[in-house]
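Participant: Got a structure for you, questions after.
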Amino acid sequence: MRLPLVTGALFALLAVMSGAFGAHGLRHVVSERSLEVFQTAVTYQMYHAIALVLVALLSGLGLSRRLLGLSVGFFFAGIILFSGSLYVLVLTDLRWVGMITPVGGVCFLAGWTLILTAGIRGQANRDRG
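Residue numbers (the working numbering): 1264 to 1392.
Okay, structure coming up:
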């Protein structure tokens, strides 16, 4: 599972760059509340970039590749929808974009649920074997 490793590393790199941009480039441009929202986007992007790398590592433990692959898709979508919508909200002040953010949050939840399921099923398979 090279794709989650590469996309996770890329999203982590972009999170660091976005965090620096927010801290240095936006400080005197947007409100304090907007900076908090931007930081939330960066934080969740980094958490889920690390999750993508984790999925790549978990694939070597014999867990369901199908479930892990689905979790990758949900984490990817979550980063785009959750963090992406918050970035757009702060940078453009298009308030309607905020309605997309919870969909990204649900994607994150689905991704973690799939990893949980893969772990439980993997352990059950080892117990039977």
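A virtual CB, placed ideally from N, CA and C, is assigned to each residue, including glycine.
I'd like to check one pair, residue 1311 with residue 1347: are the Cβ atoms closer than 8 Å?
Facilitator: As a position in the sequence shown, residue 1347 is number 84, starting the count at 1. As a position in the sequence shown, residue 1311 is number 48, starting the count at 1. No.
Participant: Looking at the structure shown, is residue 1290 part of a helix, part of a strand, or coil, going by DSSP?
Facilitator: For the purposes of this step, residue 1290 is taken as residue 27 along the sequence shown, with counting starting at 1. In the structure shown, residue 1290 sits in coil (DSSP, three-state: anything other than H, G, I, E or B).
Participant: Skipping 5 residues on each side, what residues in its chain have a beta carbon closer than 6 Å to that of residue 1381?
Facilitator: The count along the sequence shown starts at 1 and reaches residue 1381 at position 118. Correct list, in chain order: 1326, 1327, 1330 and 1331.
Participant: Express the C-alpha separation of residue 1385 and residue 1264 in angstroms, rounding to a whole number.
Facilitator: Indexing the sequence shown from 1 puts residue 1264 at position 1. Indexing the sequence shown from 1 puts residue 1385 at position 122. Computed Cα separation, rounded: 17 Å.
Participant: Under the three-state reduction of DSSP, which class applies to residue 1333: helix, strand or coil?
Facilitator: Taking the first residue of the sequence shown as position 1, residue 1333 is located at position 70. Helix.
Participant: Beta-carbon within less than 6 Å of residue 1350's beta-carbon, same chain only, minus the 5 sequence neighbours each way: which residues are those?
Facilitator: For the purposes of this step, residue 1350 is identified with residue 87 of the sequence shown, where counting begins at 1. Same-chain partners within the cutoff: 1304.
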